[in-house]
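As given, the protein sequences belong to chains A and B, one line each in that order.
Taken in order, the first sequence gives residues 1 to 537; the numbers are from my numbering.
Taken in order, the second sequence gives residues 1001 to 1537; the numbers are from my numbering.
Every residue gets a Cβ at the ideal spot worked out from N, C-alpha and C, and that includes glycine.
Note that the coordinates shown come from a computational prediction; the quantities given were computed from them, not determined experimentally.
What follows is a short report on a single structure.
2 protein chains.
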Amino acid sequence: MDVALRRGLSLKTAFPFMISRRTLSLFWRCGAGKPWPPAPTGRRGAAAPHRHAHSGASEGTERSPSAAPERRPFSRLSEEDLAFFRETLPGGAITDPDLLEAHNIDWLKSVRGHGELLLRPQTTAQVSEILRYCNDRNLAVNPQGGNTGLVGGSVPVYDEIILSTALLNNILTFDPVSGILTCQAGCVLEGLSGYLEEQDFIMPLDLGAKGSCHIGGNVATNAGGLRLLRYGSLRGTVLGLEVVLADGRVLDCLSTLRKDNTGYDLKQLFIGSEGTLGVITAVSVLCPRKPSAVHVAFLGCQTFEQLLGTFKLCKGMLGEILSAFEFLDAACMGLLNTHLKLPNPITDCPFYIVIETSGSNSAHDEEKLHSFLEEAMTSSLVTDGTVASDDTKVKALWSMRERVTEALTHDGYTYKYDVSLPVEGLYQLVTATRDHLGSRAKNVVGYGHVGDGNLHLNVTSSGPDPSLQGAIEPFVYGWTAGVRGSVSAEHGLGLKKRNYIYYSKPRPAVALMGHIKTLMDPRGILNPYKTLPDDLD
Amino acid sequence: MDVALRRGLSLKTAFPFMISRRTLSLFWRCGAGKPWPPAPTGRRGAAAPHRHAHSGASEGTERSPSAAPERRPFSRLSEEDLAFFRETLPGGAITDPDLLEAHNIDWLKSVRGHGELLLRPQTTAQVSEILRYCNDRNLAVNPQGGNTGLVGGSVPVYDEIILSTALLNNILTFDPVSGILTCQAGCVLEGLSGYLEEQDFIMPLDLGAKGSCHIGGNVATNAGGLRLLRYGSLRGTVLGLEVVLADGRVLDCLSTLRKDNTGYDLKQLFIGSEGTLGVITAVSVLCPRKPSAVHVAFLGCQTFEQLLGTFKLCKGMLGEILSAFEFLDAACMGLLNTHLKLPNPITDCPFYIVIETSGSNSAHDEEKLHSFLEEAMTSSLVTDGTVASDDTKVKALWSMRERVTEALTHDGYTYKYDVSLPVEGLYQLVTATRDHLGSRAKNVVGYGHVGDGNLHLNVTSSGPDPSLQGAIEPFVYGWTAGVRGSVSAEHGLGLKKRNYIYYSKPRPAVALMGHIKTLMDPRGILNPYKTLPDDLD
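Take a look at the structure:
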């Protein structure tokens, strides 16, 4: 199978744009004579799973489903267009290739676009003018926040105009009674967190990219992160949005109300739509009070079953103060030791857990945590562990989880998968992938958010290796679909995963998404080639 | 002004269907020469507020915006149709007028439809067959859950076929590790709560109508209720839906995953759409663990400012264990005393608070609660109070809040308003309405969910009184729009409030809702005359 898969694949698969923008018109076939993507077969549209991994491509013309499709017939940027943008945004229409460089490459350096113009509006009215013009002129637009996405959704694919939210960076209001913040879309998450902490509040989300990511981008991609277990998803905490539609109309749903049942909740369409339905220009968010006590425990387990037992015990005994339940495996620990020289704070174990509690009374929280730990040790769920409450040690323990991504980048080229699975079988995919790849992979590691059923599966190799990628995909997606998981838990689909949508969504649902896209952006100018599969075009 | 408003109004305003189904084609005009509804004027589309209340109708032909529009040209039920339904649903196609009676009248007995056929499918496939047939035949359908809605959304307006979810009442799965429940749409909320409590879990929502309401109806109306402060809205806790679209296609988005970023979140369209976009047939919900300790405090305050001060203090000191912060005013207490003979458990005060804590450690919770109460009393925020932890007393204290609705029904005919307001000014609307109505109202009372910024404003009179209604509306809606509130916090728009949508949503947003309705239900057969305003037709 792998021989067959290798045939017809090239470096393009790993670097679909850095290597070549030439695209081929045939889909990668993944079943004997069956066209890709596969038709849904299960009741819930789960594409027939494992068999895809074991069927090979048969011709030399196939390309990866993650490669870019042909450039669509958008207009090319003209001198008249540039003159318009320079007049509309004095100083904010940038064409210097050196300045554009960082906006054309994604954070993973795996996707490169060829945008020739970067626009940096400062007001919603300017965003509206830009989009109205682009829609009239049929110019494609790539909305961009902090450009920290992992699925190639945040950079142009061809020559789309890059519309950056960087200068839409004002905090508008904050109400310390209700905890409701309104701000422009380009506010950096870490900046918002700092502002709120001074007022004894926190943002309901936190993630590794907080130093760069924009709140508008967080909302557009429905970012998950480390606090979701406690404070829920952005679908619950985002109370309102201001969005500019493809034709420049401003949709003002910037409500600051916890409850509002007047018609359809349009803002939900934009949350997680990756800039394909509109450009978010302002956000209102419900922010929780800053917990006065935070404790972190770093524990080791011998089996994943024991880890799950610990999770169950912890949900019962820590209850309302549990704010994170994360894990990493021994392979991750090896990378932390080797590449970052981070020593293991406890004895070596196959699995490690990071538990965080956040509460309003430190003494109560400590008592709860100690009762739980005693029970976990007594019942042999946990082999070893350490607990921290002072800031420095809390950060040190958290870094064992947070710096896995960084350690991976030192290990070589990384193939990243972000899947949702039933929590009971969360680790089986890591084992199955390891078995499936054998010696072809350098390392296969698993870590992630157990509390949310979200596994980060990463495979490293010494360099980009299309045959390895061909062995992983669609194996991982098929396996995930087989247990009714999601092929993208929190990273989104972007460019790279758009064609894998059928592994998690039934055809009628995807078709309806296409109709909604057509309704809201009839010319398709907003973030083209992203989120929706090519076969809808 | 009130003289002018009275002119042209009739009993139809209060009982738009019980009195007469004859409808008039002119809108009620509420501005000098300006057509109703008003165009949005504010940046966030808040309709110009108070002036509407002070401008009168000028002709004798106006009708209330809550009255039904003309019957749309749907087909009439034929003998062939009946034969089809009898064959499709053996025993489940009911035409007996006595059996239909309760399905044609809403819980408030304020709206009566004239449905001639009640269908009780047991499977999603049957719902699909029904809708495919109705769509082909252009027969209108009124999806109905427990028929506990308060805005006339749950009963037919004319002769729509009533499609009841009552027999779609199976629990499908429950996973005690993740706390995720999947069930059919017709499961009664109280039944689900009972099932979960046996397994040490609870439903994330609770409301007065729990003994009758269906979970599908809860989701379709985005029900709020008493636990929203703690567990968030259904937009966060509902993980998946199975929905039958207007043409009979089944949209299977019954995910049981906490995170899934694969395309647009279609299920959100159906949450709160009141059965106008599809019929929900199954639901998956994330359920919290049952708290092992529940405490309730019933407190009295001298001013609403002190009540707000108590809320702020309580959010800080009770933090993660706070699960409800509700209030009622002295007028509500008067009704409880008079009509239900419920004695005030504390000394008389202008305002009363019900605070509930839910936690995993009773001793810790008691300690937190007592520290908070000590501080609240010492700082004179609270005048008097009582605390309960045993079940009977907890229920007794809760009944002071929960039975206000019942007490109101004994006080006479009740005009009910359910608005979201900035929490600081929550009670000002009650005072303003009381001043505005003077002696025309029997009682004007305020109660509700302070923690969610949700006020229930109720006005009683000895019987239906269109002139009183004319004095309240659009006064209350205009006042609400003036502070950028929502004219329906949790009850929805249904039939009665559909034309008031512009007070809370800007025109472009409402227009987009109309486009989405047309996209998903091109013939408009699903719950016609509800949710969206008449001027979209």
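- The Cβ neighbour count for residue 97 of chain A, taken over all protein chains shown within 10 Å, is under 16; the residue is labelled exposed.
- Pairing residue 232 of chain A with residue 1232 of chain B gives a Cβ-Cβ distance under 7 angstroms.
- The three-state reading of DSSP puts residue 1346 of chain B in coil, since its state is none of H, G, I, E or B.
- For residue 1279 of chain B, the secondary structure class from DSSP, reduced to helix, strand or coil, is strand.
- Interface residue (Cβ-Cβ distance to chain A less than 7 angstroms): residue 1177 of chain B is classified as such.
- Secondary structure of residue 1301 of chain B (DSSP, three-state): strand.
- Of all residues in the segment 1447 to 1475 of chain B, only 1449, 1451, 1452, 1453, 1454 come within less than 9 angstroms of chain A when Cβ atoms are compared, listed by chain position.
- For residue 519 of chain A, a Cβ of chain B is located within less than 7 angstroms of the residue's own Cβ.
- For a Cβ distance threshold of 7 angstroms, residue set 252 of chain A lies close to residue 1506 of chain B, ordered along the chain.
- For residue 192 of chain A, the enclosing alpha helix (DSSP H) begins and ends at 189 to 197.
- Distance check between residue 1200 of chain B and each of B:1188, B:1178, B:1223 places B:1178 closest, using alpha-carbon atoms only.
- For the pair of segments examined, the segment 245 to 258 of chain A was found not to touch the segment 147 to 156 of chain A: the number of CB pairs separated by less than 8 angstroms stays below three.
- Distance between residue 296 of chain A and residue 1160 of chain B, taken at the CA atoms: about 58 angstroms.
- Between residue 1527 of chain B and residue 1152 of chain B, the C-beta gap is not smaller than 7 angstroms, which leaves the two residues out of contact.
- Interface criterion not met: the Cβ of residue 381 of chain A is under 7 angstroms from no Cβ in chain B.
- Shown here, residue 1314 of chain B sits in a helix according to DSSP, grouped into three states.
- Boundaries for residue 1460 of chain B: no alpha helix (DSSP H) harbours it, while the beta strand (DSSP E) harbouring it runs 1454 to 1461, taken from the DSSP string.
- Put simply, of A:273, A:235, A:277, A:343 the residue whose alpha carbon is nearest the alpha carbon of residue 259 of chain A is A:235.
- In terms of Cα proximity to residue 108 of chain A, the closest of A:195, A:337, A:409 is A:409.
- Here residue 266 of chain A carries a coil assignment [DSSP, helix/strand/coil].
- In terms of beta-carbon proximity, residue 432 of chain A stays away from the interface with chain B, with every pair separated by 7 angstroms or more.
- Between residue 299 of chain A and residue 353 of chain A, the gap from beta carbon to beta carbon is short of 7 angstroms.
- Taking all protein chains in view, the Cβ of residue 99 of chain A is surrounded by fewer than 16 other Cβ atoms within 10 Å, so the residue is classified as exposed.
- Counting only the Cα atoms, residue 1424 of chain B lies some 24 angstroms from residue 242 of chain A.
- Judged by DSSP in its simplified three-state form, residue 119 of chain A adopts strand.
- If you look at residue 384 of chain A, you'll find it in the beta strand (DSSP E) that goes 384 to 388.
- Per DSSP, residue 444 of chain A is not a residue of any alpha helix (DSSP H); the beta strand (DSSP E) it occupies stretches across 443 to 449.
- Of all residues in the segment 1211 to 1234 of chain B, only 1221, 1222, 1224, 1228, 1232, 1233 come within less than 8 angstroms of chain A when Cβ atoms are compared, listed by chain position.
- Contact annotation: in the segment 1179 to 1191 of chain B, no residue has its CB less than 7 angstroms from a CB in chain A.
- Under the Cβ criterion of 7 angstroms, residue 261 of chain A is counted among the residues facing chain B.
- Per DSSP, the continuous beta strand (DSSP E) segment holding residue 1326 of chain B begins and ends at 1322 to 1329.
- Pairing residue 1488 of chain B with residue 261 of chain A gives a Cβ-Cβ distance under 7 angstroms.
- By the neighbour-count criterion, in which a residue is buried when 16 or more other Cβ atoms sit within 10 angstroms of its Cβ, residue 1357 of chain B is buried.
- With distances taken between CA atoms, residue 1080 of chain B lies nearest to B:1133 out of B:1068, B:1158, B:1133, B:1501.
- Residue 421 of chain A and residue 1392 of chain B have their C-alpha atoms spaced approximately 42 angstroms apart.
- In the three-state reduction of the DSSP assignment, residue 153 of chain A falls in the coil class.
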